[in-house]
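>
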Amino acid sequence: MKNDKPQPPPIPAGLTAEEKQEFLKNHGYAYNLKHKLAASYVYAAAATVAGSHLPAESCVVYLNQILDEAGQPKDPVERMLLEQIVMAHHHVGRLHVRAATAESPDRIKAYNAAAANLLRELCQAVVALKKYREPAASKKFTVVKQQNVAKRQQVAFVDKESSAELETPGK
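In the numbering used here, each residue carries its 1-based index in the sequence shown increased by 4.
Encoded structure:
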């Protein structure tokens, strides 16, 4: 798996031995936040259904596979959106399981409502990711001046550099 062995970052000059150790420890924590914490949220959702049959590390592998299939985005916002989508997907499933196993009609209704609300948010996140991935719109545009008078159509290209009036044929 790609992200299992992080490369140590370059250590800034002038640090004491304790500061170097603290620096590397903090970078290790940051690595875990980036590469493993979202997987632990997926595990929290899935383990309530799968129980002890699901090793926590399998969620790290699973999330990395999803990110690989999505092109292993370098953009941190795009990565977070993908992780949020995966987390929401599994929490929607967890809520459906809770609704299916609930004993009272009120709990069934509450779990189904929560699942529907989260599913709506999930769909919005998917649309947001799609829009985020789209290239920016072109800033170039063309202005066309058009006039339809007396069943005649006259079209003129408006050029900001040209200040001369266009003559109308037949006048």
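Yeah, the Cβ is synthetic: ideal placement off N, Cα and C, and Gly gets one too.
For residue 46 versus residue 94, is the C-beta spacing smaller than 8 Å?
Taking 8 Å as the Cβ cut-off, residue 46 and residue 94 qualify as a contacting pair.
> Per DSSP, what kind of secondary structure is residue 15 in: helix, strand or coil?
Here residue 15 sits in coil by DSSP.
> From residue 5 to residue 72, what distance separates their C-alpha atoms?
With a pLDDT of only 46 at residue 5, under the threshold of 50, the placement of this residue in the model should not be trusted, and no figure is reported.
> Residues in the same chain with beta-carbon distance under 7 Å from residue 7, minus the five sequence neighbours each way, listed in chain order, please.
Any reading at residue 7 needs caution, since the residue's pLDDT is 48, under 50, leaving its predicted position unreliable; the model's value is listed next. Closer than 7 Å at the Cβ level, and outside the excluded window around residue 7, lie 39, 68.
> Where does the unbroken alpha helix (DSSP H) through residue 147 begin, and where does it stop?
Careful: residue 147 lies outside any alpha helix (DSSP H) and carries neither H nor E.
> Specify whether the stretch 82–94 and the stretch 122–141 touch according to this definition: at least 3 beta carbon pairs, one from each stretch, less than 8 Å apart.
A contact exists between the stretch 82–94 and the stretch 122–141.
> Starting from the N-terminal side, write out each stretch of the alpha helix (DSSP H) that is 4 residues or longer and does not extend beyond the stretch 56–86.
Entirely contained in the stretch 56–86, the alpha helix (DSSP H) runs reaching 4 residues are, in chain order, 60–73.
> Buried or exposed: which applies to residue 167, given that a residue is buried once 16 or more other Cβ atoms fall within 10 Å of its Cβ?
Residue placement at residue 167 is flagged as unreliable, the pLDDT there being 49, under the threshold of 50; the coordinate-derived value follows with that caveat. Under this definition residue 167 is an exposed residue.
> Taking only three categories from DSSP, how would you classify residue 20?
It is coil, neither helix nor strand.
> Below 7 Å CB to CB, which residues in the same chain sit around residue 85 once its five sequence neighbours on both sides are set aside?
Result list for residue 85: 129, 132, 133, 136, in chain order.
> What span of residues does the alpha helix (DSSP H) with residue 9 cover, start to end?
Segment: none, residue 9 is in no alpha helix (DSSP H) and carries neither H nor E.
> Beta-carbon within less than 8 Å of residue 16's beta-carbon, same chain only, minus the 5 sequence neighbours each way: which residues are those?
Within the same chain, residue 16 has close Cβ partners 27.
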